[in-house]
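Working notes for the structure below.
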Amino acid sequence: MSPRLAARSSRTEQNRPEQNTAESGMSFLLLKVRRPCLSSLSTLFLRRLSTALPHVYGDKYETSSSSSSFIHPTSIVHPNAIIGQGVSVGPFCTIGSAAKLGDGCLLYPSSHIFGNTELGDHCILMTGAVVGDDLPGQTVFGCNNIIGHHAVVGVKCQDMKYKSGDECFLDVGNNNEFREHVSIHRSSKSGDRTVWGCCAKVSLFFPEDISIFVKLSLFRFLTRIKNNQVIGDNNLIMGSCHIAHDCKIGNYNIFANNTLLAGHVVVEDYTHTAGAIVIHQFCHIGSHSFIGGGSVVSQDVPKYSMVAGERAVLRGLNLEGLRRRGFNVTEIKSLRTAYRKIFMPVDAHAVGFEERLTEVEQDEELGHIPAVCSMLQSIRDSFAENRRGICRFRQWSGS
Numbered sequence: 488m489s490p491r492l493a494a495r496s497s498r499t500e501q502n503r504p505e506q507n508t509a510e511s512g513m514s515f516l517l518l519k520v521r522r523p524c525l526s527s528l529s530t531l532f533l534r535r536l537s538t539a540l541p542h543v544y545g546d547k548y549e550t551s552s553s554s555s556s557f558i559h560p561t562s563i564v565h566p567n568a569i570i571g572q573g574v575s576v577g578p579f580c581t582i583g584s585a586a587k588l589g590d591g592c593l594l595y596p597s598s599h600i601f602g603n604t605e606l607g608d609h610c611i612l613m614t615g616a617v618v619g620d621d622l623p624g625q626t627v628f629g630c631n632n633i634i635g636h637h638a639v640v641g642v643k644c645q646d647m648k649y650k651s652g653d654e655c656f657l658d659v660g661n662n663n664e665f666r667e668h669v670s671i672h673r674s675s676k677s678g679d680r681t682v683w684g685c686c687a688k689v690s691l692f693f694p695e696d697i698s699i700f701v702k703l704s705l706f707r708f709l710t711r712i713k714n715n716q717v718i719g720d721n722n723l724i725m726g727s728c729h730i731a732h733d734c735k736i737g738n739y740n741i742f743a744n745n746t747l748l749a750g751h752v753v754v755e756d757y758t759h760t761a762g763a764i765v766i767h768q769f770c771h772i773g774s775h776s777f778i779g780g781g782s783v784v785s786q787d788v789p790k791y792s793m794v795a796g797e798r799a800v801l802r803g804l805n806l807e808g809l810r811r812r813g814f815n816v817t818e819i820k821s822l823r824t825a826y827r828k829i830f831m832p833v834d835a836h837a838v839g840f841e842e843r844l845t846e847v848e849q850d851e852e853l854g855h856i857p858a859v860c861s862m863l864q865s866i867r868d869s870f871a872e873n874r875r876g877i878c879r880f881r882q883w884s885g886s
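First residue of the sequence shown: 488, per this note's numbering; consecutive thereafter.
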């Protein structure tokens, strides 16, 4: 290489860092000039991206006390709130002072948690969801619950008898999904208060070898469940459903869109409601039952049965539901025989309803079948004091 070319190459290498510095400075200026000009759509996209990928932007945004959690800078989180590990809080969320969030919870943009509210691990609040209320009492969720878009859960009831200042509660189990625009209210009155000095009474109900802390926890749960709004596990509550105050919902239930439950309704397990139904207050819906679309239920629905109609009447057994739940052929056949003897007699006027129930109970073939006994007990319970009786049944002929 000639001396002239070598000198030119040396000067180029010396000037290269200055050029890099100038180029980076120019890029920074261009970014500063262009950044305010971002469209609202681009800004929204970036916010969604930052929410979906918090670990990418973690060095730019504020984090909670747990290094693995993420809180968007536009969200308002009270310093007294308890945030678990791995929690992600999106933009414009609100978390109140008494809130407790378990590990792995996810809050989408504009979701809010108020009052004394506890979320178990891995709960999800979709955009616009509101959970809890600044009222005396508490809203408690188990694990793996999903609260859908603009759902309102655990707020003040609409009972005119509710007195301002009374404690009210909502207890939700695990693995429930509440879809968009669902509304679920707290109880209308406080449950029995747990007194920490009641160890003697607690010992009467539980074995002596159980820890006193376990006894007190169980006793507290049992006394609170008496008057609380309670929802069990693995329920699917579809869009725009309403569950009013003081309801008791069991496990593995499916409520289709616009299912409306009035106050004090009890729903057992594995029930299925079609869309746009209304259930009168204080009604009991038995396990494995089905309610047809557009029905108005004003009385109890016995176990294993199917009702439908503007004023719901018994339409038979929920045979398809029983097969899906694993009932064997013998059980289904026995239930059909018992149902026909009770609700479809050859001569409805010859023997009264009570006599037909007694006849089935004393039947040698049917009386020992657990499913039949459970259905009979469900019917008898509906005629107890302060109950509404069962839905009307047609006087069909068994011939």
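Glycine residues also receive a C-beta, built at the ideal position from the N, C-alpha and C atoms.
query, result
"Grouping DSSP H, G and I as helix and E and B as strand, with all else coil, what is T614?", "coil"
"Straight-line CA distance for E851 to H668?", "51 Å"
"Which complete beta strand (DSSP E) runs does the segment 749-835 hold, if anything under 3 residues is left out?", "792-795, 800-804"
"Measure how close the beta-carbons of F880 and F830 come, nearest whole angstrom, since I'm counting them as under 8 Å.", "5 Å"
"How long is the line joining the alpha carbons of A638 and M725, rounded to whole angstroms?", "11 Å"
"Looking only at its chain, what residues have a beta carbon closer than 6 Å to the beta carbon of T604, apart from the 5 residues adjacent to it on each side?", "A586, V618, G619, T626"
"Apart from the five residues on each side of it in sequence, which residues of its chain come closer than 7 Å, Cβ to Cβ, to V788?", "I772, G773, S776, I778, V794, C878"
"Which residue comes first and which comes last in the beta strand (DSSP E) that contains L657?", "655-659"
"Quick one: grab the DSSP three-state call for T581.", "strand"
"Here's a check: name, in chain order, each residue in its chain whose Cβ is nearer than 6 Å to the Cβ of P578, leaving out the five neighbours to either side.", "R534, H559, T561, P596"
"Between the C-alpha atoms of V689 and D756, what's the straight-line distance to the nearest angstrom?", "For V689, the predicted structure reports a pLDDT of 35, less than 50, and the residue's modelled location is therefore unreliable. A value from the coordinates is still provided. For V689 and D756, the distance between alpha carbons rounds to 29 Å."
"Return helix, strand or coil for Q849, following the three-state DSSP convention.", "coil"
"Between A761 and the rest of its own chain, which residues show a CB-CB distance below 6 Å, the 5 nearest in sequence each way excluded?", "A743, G779, G780"
"Could you please give me the residues that DSSP links to G624 through a beta bridge?", "C655"
"Kindly indicate the opening and closing residues of the beta strand (DSSP E) around S670.", "670-672"
"Please classify R811 as buried or exposed, where buried requires at least 16 neighbouring CB atoms within 10 angstroms.", "exposed"
"Answer with buried or exposed for T845, where buried requires no fewer than 16 other C-beta atoms within 10 angstroms of its C-beta.", "exposed"
"Could you spell out where the alpha helix (DSSP H) holding Q864 opens and where it closes?", "857-869"
"Take L806 and list the residues in its own chain whose beta-carbon comes closer than 7 Å to its own, dropping the five residues that flank it on each side.", "I819"
"Could you tell me the distance, in whole angstroms, from the CA atom of I582 to the CA atom of H672?", "19 Å"
"Got a sec? Which residues, its chain only, sit under 6 Å from I741 by beta carbon, not counting five neighbours each side?", "L723, H759"
"Cα separation between S598 and G813?", "40 Å"
"According to DSSP, which residues form a beta bridge with H729?", "S670, L747"
"State the DSSP-derived secondary structure class of F840, mapped to helix, strand or coil.", "helix"
"Looking only at its chain, what residues have a beta carbon closer than 6 Å to the beta carbon of G854, apart from the 5 residues adjacent to it on each side?", "E848"
"Since D720 and G660 should fall inside the 8 Å C-beta cutoff, what is the C-beta to C-beta distance between them, to a whole number of angstroms?", "4 Å"
"Would you mind working out which of F656, I569, L594, E654 sits nearest H609, comparing C-alpha positions?", "L594"
"Between C770 and G750, is the Cβ-Cβ spacing less than 8 Å?", "no"
"Which residues mark the beginning and the end of the beta strand (DSSP E) in which G641 is found?", "639-642"
"Can you check whether the CB of V576 is closer than 8 Å to the CB of F557?", "yes"
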